[in-house]
Amino acid sequence: MPVPQKVDETRDEPPGGAHFDETPALPPHQLPQPRPVSDQQSVPAVSVQSIGRYRIERQLGQGGFGAVYLAMDDELNRRVAIKVPRRLAATQLAEYREEAQKLAKLEHPGVVPIYDIGHTTEFPVFLVTKFIEGGTLSDWVQNARPDFLTVSRLIAEVAEALHATHLKGIFHRDIKPANILVDANGKPYLADFGLALTEGHGLNAAPEILGTPAYMSPEQAAGEGHRVDGQTDIFSLGVVLYELLTGLRPFRASEQLPPRERSSQLLDMVKTFDPRPPRQINDQVPKELERICLKALAKRKPERYTTARDIAEDLRHFAGNPATQEVASVRVHVPPTRDSSTPVATPTPGTTPQVISDREPLKIVPKGLRSFDASDASFFLDLLPGPRDRDGLPESIRFWKTRIESHDAEVTFSAGVLYGPSGCGKSSLVKAGLIPHLASDIVPIYLEASGDDTEVRLSRAIRRACPGFGDDLSLTVLLKNLRRGVGLPSGKRRALIVLDQFEQWLHAKRGQTNQELPAALRQCDGDRVQCLILVRDDFWLAISRFLQELEVRLVEGENCAMADLFDPPHARKVLDAFGVAFGKVGWDSVPTNSLG
Numbered sequence: 000m001p002v003p004q005k006v007d008e009t010r011d012e013p014p015g016g017a018h019f020d021e022t023p024a025l026p027p028h029q030l031p032q033p034r035p036v037s038d039q040q041s042v043p044a045v046s047v048q049s050i051g052r053y054r055i056e057r058q059l060g061q062g063g064f065g066a067v068y069l070a071m072d073d074e075l076n077r078r079v080a081i082k083v084p085r086r087l088a089a090t091q092l093a094e095y096r097e098e099a100q101k102l103a104k105l106e107h108p109g110v111v112p113i114y115d116i117g118h119t120t121e122f123p124v125f126l127v128t129k130f131i132e133g134g135t136l137s138d139w140v141q142n143a144r145p146d147f148l149t150v151s152r153l154i155a156e157v158a159e160a161l162h163a164t165h166l167k168g169i170f171h172r173d174i175k176p177a178n179i180l181v182d183a184n185g186k187p188y189l190a191d192f193g194l195a196l197t198e199g200h201g202l203n204a205a206p207e208i209l210g211t212p213a214y215m216s217p218e219q220a221a222g223e224g225h226r227v228d229g230q231t232d233i234f235s236l237g238v239v240l241y242e243l244l245t246g247l248r249p250f251r252a253s254e255q256l257p258p259r260e261r262s263s264q265l266l267d268m269v270k271t272f273d274p275r276p277p278r279q280i281n282d283q284v285p286k287e288l289e290r291i292c293l294k295a296l297a298k299r300k301p302e303r304y305t306t307a308r309d310i311a312e313d314l315r316h317f318a319g320n321p322a323t324q325e326v327a328s329v330r331v332h333v334p335p336t337r338d339s340s341t342p343v344a345t346p347t348p349g350t351t352p353q354v355i356s357d358r359e360p361l362k363i364v365p366k367g368l369r370s371f372d373a374s375d376a377s378f379f380l381d382l383l384p385g386p387r388d389r390d391g392l393p394e395s396i397r398f399w400k401t402r403i404e405s406h407d408a409e410v411t412f413s414a415g416v417l418y419g420p421s422g423c424g425k426s427s428l429v430k431a432g433l434i435p436h437l438a439s440d441i442v443p444i445y446l447e448a449s450g451d452d453t454e455v456r457l458s459r460a461i462r463r464a465c466p467g468f469g470d471d472l473s474l475t476v477l478l479k480n481l482r483r484g485v486g487l488p489s490g491k492r493r494a495l496i497v498l499d500q501f502e503q504w505l506h507a508k509r510g511q512t513n514q515e516l517p518a519a520l521r522q523c524d525g526d527r528v529q530c531l532i533l534v535r536d537d538f539w540l541a542i543s544r545f546l547q548e549l550e551v552r553l554v555e556g557e558n559c560a561m562a563d564l565f566d567p568p569h570a571r572k573v574l575d576a577f578g579v580a581f582g583k584v585g586w587d588s589v590p591t592n593s594l595g
């Protein structure tokens, strides 16, 4: 007997099973208030025998946005699922149908297809979809007891289905185990686009906090409906993945609280608290799956996966890597039952899950006030905040590495700017983080600028890096030759000039014209020669004027990026690690929640 299709939004924790406790949708005082009866249609309370030509067999479930029935289509001799929305104003019916028609055009093997949309006197609108003979993701976990490899492949399929809907401008807004159906063959399907239909094209005229609090994204929890997009669904999928890896939801409010307070606490946690790294709950979780999960759960959207396909590709890469097969074959582990009042999230407001998470000391070499350099590359990345890519690089490094190494003129840049406050670590970021991780065909030429001899020292640095040049060539001629591909060492295709502490040059040359340096840097073309300038943020106006002389437009996120000071929670983690390195703090005495 197939497990009936389910849409219930609350589940009890099964004995010995994974905990898929889905807190109900928000309480009535936070849901859109019903319109007057004359303008309001809802699901009839009477027993339903038929809907249109469909003969009802039984009700499958009922949630905050409607009821779902199992029905028989006698004309086509097949079972179907019928969803009847509730609390839908008559004035919204046309818009609802329009959104349903858009979703019906989406043909993807990972999305439950819409067969029909209809209406009767009793039911102003209803959706007819394929009936998936299986169960929810929660049922599948209990019955299949999958391993990490199977989990990664399944979530990759779900992510691909999400990507297809996002390309059509449709965002689910309520990704959770109950809305992921798995058939008897283990194939997942995205189901119940109720919120996508309800919020689309102005349908959500009431408060914008809609969905299931434990699976909401920070922007949803904050009521920022205008910021909901594909990355919102990615965060929710990250919650589901976390639950599959650990058996626990990342955000859990105290069950002793009344429903309203519990929902409020959950929303607060989603907005401000970091989830504990999965490996702190289940140390059998592969590190790569932990990284993928925490990147999907990044509070800030720029640090999250950009598209659902990106997370799918990372999951497939993990699943296809022979080196991960042994660890990935371990079945998902459910930790011992814990007090439900104990939060899984770490009470560290306003931060992103960090890499300093495993209980092993970092091999830091203290350098006092000096910046880190290439000799510190082995540990430096561990000090940086933010999620990592599959190569272990944080976005602050990946951003520049991609644009420096790219062959695509639309991606690379001729001149770029890394700016930030004094002491934020710009020099270390480039010397210890970026340059050591550049491709071997890039020639980095690093120089600390000064107020008097920057041009002379830069010419010398170019000659050292490219020994074929004579001493009689000017800086402009040197760069012109490099732009033409002349003088680059064998096997090298691009020179990267890095000018650090550029505020020194800007301050000394203030008001002066016809300078040699800007004239020379105009030779940077983004193909053979690039220039990356590091400057203090209080020189923003001056650096903007300098780039105007180069006729280069500064565009944040393209050739311009900020390096900020660490936030207090991450600074504490780094200081703890330094305390251990200096021998002043024992690693075992550092609190676990101080390390991620």
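In numbering that gives the first Met the number 0, the protein residues as written are 0 to 595.
By construction, the Cβ of each residue, glycine as well, lies at the ideal position given by its N, Cα and C atoms.
Keeping to the same chain, check which residues put their C-beta closer than 7 Å to that of Leu553; ignore five residues upstream and five downstream.
Cβ-Cβ distances below 7 Å link Leu553 to Val416, Ser543, Leu546 and Cys559 in the same chain, with the five nearest sequence neighbours on each side left out; the list follows chain order.
By Cβ distance below 6 Å, which residues in the same chain neighbour Lys300 in space, the five residues on each side in sequence not counted?
Contacts found: Gln230.
Are at least three pairs of beta-carbons, each pair with one atom in the segment 170 to 183 and one in the segment 223 to 243, less than 8 Å apart?
yes
Which residues in the same chain have their Cβ closer than 6 Å to the Cβ of Arg57, if we skip the five residues on either side of it in sequence?
Leu69
Output the boundary residues of the alpha helix (DSSP H) element that contains Lys82.
For Lys82, no alpha helix (DSSP H) encloses it; the enclosing beta strand (DSSP E) starts and ends at Arg77 to Pro84.
I need the boundaries of the beta strand (DSSP E) containing Glu106, first residue and last residue.
That residue, Glu106, is in no beta strand (DSSP E); it is neither H nor E in DSSP.
Closest by CA to Gly385, which one among Arg463, Leu564 and Asp440?
The closest CA to that of Gly385, considering only Arg463, Leu564 and Asp440, is found on Leu564.
Give the C-beta separation of Asp115 and Ile174 to the nearest angstrom, bearing in mind that I take them to be a contact with Cβ-Cβ under 8 Å.
The C-beta distance from Asp115 to Ile174 rounds to 25 Å, too long to fall under 8 Å, and the pair is not in contact.
Could you say which of Val140, Arg278, Glu132 and Ser151 lies nearest to Ala183 if we only look at CA atoms?
Looking from the CA of Ala183, the closest CA among Val140, Arg278, Glu132 and Ser151 belongs to Glu132.
C-beta atoms of Leu533 and Val429 nearer than 8 Å
yes
For Glu101, the nearest candidate out of Phe192, Asp499, Asp381 and Ala373 (CA to CA)
A small correction: the amino acid at residue 101 is Lys; Glu does not occupy that position in the sequence shown. Cα-wise, what sits closest to Lys101 is Phe192.
If you compare alpha carbons, which of Leu256, Leu265, Gly246 and Lys270 is closest to Arg604?
Lying outside 0 to 595, the shown extent of the chain, residue 604 is not represented and no answer is given.
Mapping the DSSP letters down to three states, classify Ile174 as helix, strand or coil.
coil
Report the start-end ranges of each beta strand (DSSP E) in the segment 415 to 486 that is 3 residues or longer and not cut off at the edges.
441 to 447
Identity of the residue in Glu555, Ser473 and Gln503 nearest Glu515 by Cα:
Ser473
Pair every Cβ in the segment 71 to 81 with every Cβ in the segment 119 to 134, then say whether three or more of these pairs are closer than 8 Å.
yes
Just tell me which of Ile363, Leu153, Val124 and Pro249 has its CA closest to the CA of Leu189.
Leu153
Using 7 Å as the cut-off, classify the Cβ of Ala580 as near or not near the heavy atoms of the ligand SAH, replying yes or no.
Absence of the ligand SAH is noted for the structure shown, with no ligands found whatsoever.
Comparing C-alpha positions only, which one of Lys572, Arg275, Arg463 and Ala158 sits nearest to Arg315?
Ala158
Considering just the uninterrupted stretch of the alpha helix (DSSP H) at Pro187, what are its terminal residues?
It is not in any alpha helix (DSSP H) - Pro187 instead sits in the beta strand (DSSP E) that spans Pro187 to Leu189.
To the nearest angstrom, report how far apart His107 and Ala163 are at their CA atoms.
7 Å
Please list, in chain order, all residues of the same chain as Leu92 whose beta carbon is under 6 Å from its beta carbon, the five residues on each side excluded.
Pro123 and Val124
Mapping DSSP to helix, strand and coil, what is Leu533?
strand
Does DSSP put Ser262 in a helix, a strand or coil?
In the three-state scheme derived from DSSP, where H, G and I count as helix and E and B as strand, Ser262 is classed as helix.
Between the CA atoms of Pro393 and Val485 - distance to the nearest angstrom
34 Å
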